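Take a look at the structure set out below.
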Amino acid sequence: MVQEVVWTVSIVLMGVLAALFAWVAVGANTALADYGPMVASAYRARTWLFGLAIIVLIGVNYDTLGKLPYVSSLSVTSSGAAIQPVDAVAEQWAWTISPNTFTVGQTAEFHVSSKDVNHGFALYDPDMRIVAQVQAMPGYVNVLRYTFTRPGTYRVLCLEYCGVAHHEMNADIRVAAH
Ligand code: CUA
2 MVQEVVWTVS IVLMGVLAAL FAWVAVGANT ALADYGPMVA SAYRARTWLF
52 GLAIIVLIGV NYDTLGKLPY VSSLSVTSSG AAIQPVDAVA EQWAWTISPN
102 TFTVGQTAEF HVSSKDVNHG FALYDPDMRI VAQVQAMPGY VNVLRYTFTR
152 PGTYRVLCLE YCGVAHHEMN ADIRVAAH
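Per our numbering, the sequence shown runs over residues 2 to 179.
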């Protein structure tokens, strides 16, 4: 809902900006007769190029803005694949993640919360490079989507100091090849 408002406002503002540029461009053309024919044709070429740039700009914005919001309430990805909801609940000092097995290409939507204090949900790929992260907070459900790109064991670590056994808060997520 909010995203639709933002989208509409963006489109309107871009339209106003384009109209403003067009108005300035048209105004500039009326003075062209004061210059020689070479200058006039150079200015005409520039106007055409500018028009082309505007069309490309509108096209690119139309295509990419339509993909907003990046995390939406839709239950499928833009390619139509089903999104797997996943509960990820933190507590001192463990993660409960269900389900925790996926296949490459599958998109998981983690619903991250906490039973006690603040924790940090951090997802690491099989090379232990962090690929996604969100806070795990009591009383809130933070939504995080991630599409698994590689087979192997991903890990979830806690990124927020949460007590003496903070370092033991880790869990495995297994991702199978197709
Ligand atoms: Cu949970 Cu640190």
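Glycine included, every Cβ here is placed at the ideal spot set by N, Cα and C. The model shown is predicted, which means the values in this text are computed figures rather than measured ones.
CA nearest to the CA of residue i, picked from the options
i: Q136; options: A89, P100 and A166; result: A89
i: M129; options: Y44, A20, L66 and D173; result: D173
i: A23; options: T65, F51, T102 and M138; result: F51
i: I59; options: A20, M39 and A82; result: A20
i: R156; options: C163, E110, V118 and N101; result: N101
i: Q85; options: G153, E110, R175 and K68; result: E110
i: A95; options: H179, A83, A82 and E169; result: E169
i: T97; options: M39, D35, A83 and N171; result: N171
i: V240; options: S42, A41, A54 and Y63; result: Beyond the ends of the chain as shown, which are 2 and 179, falls residue 240; an answer cannot be given.
i: F149; options: L18, A43, I56 and Y125; result: Y125
Short CB-CB distance (under 7 angstroms) between residue i and chain D
i: V7; result: No chain D appears in the structure shown, which is made up of a single protein chain.
Secondary structure of residue i, DSSP reduced to three states
i: Q93; result: coil
i: T150; result: coil
i: E110; result: strand
i: A137; result: strand
i: H120; result: strand
i: A178; result: coil
i: A82; result: coil
i: A172; result: strand
i: V6; result: helix
i: V13; result: helix
Whether residue i touches residue j by CB criterion (7 angstroms)
i: E161; j: G121; result: yes
i: R146; j: P127; result: no
i: A177; j: T108; result: no
i: V142; j: S114; result: yes
i: A123; j: L66; result: no
Checklist line | Length at least 4, wholly inside the stretch 23-66: the alpha helix (DSSP H) runs in chain order | finding: Listed in chain order, they are 38-66.
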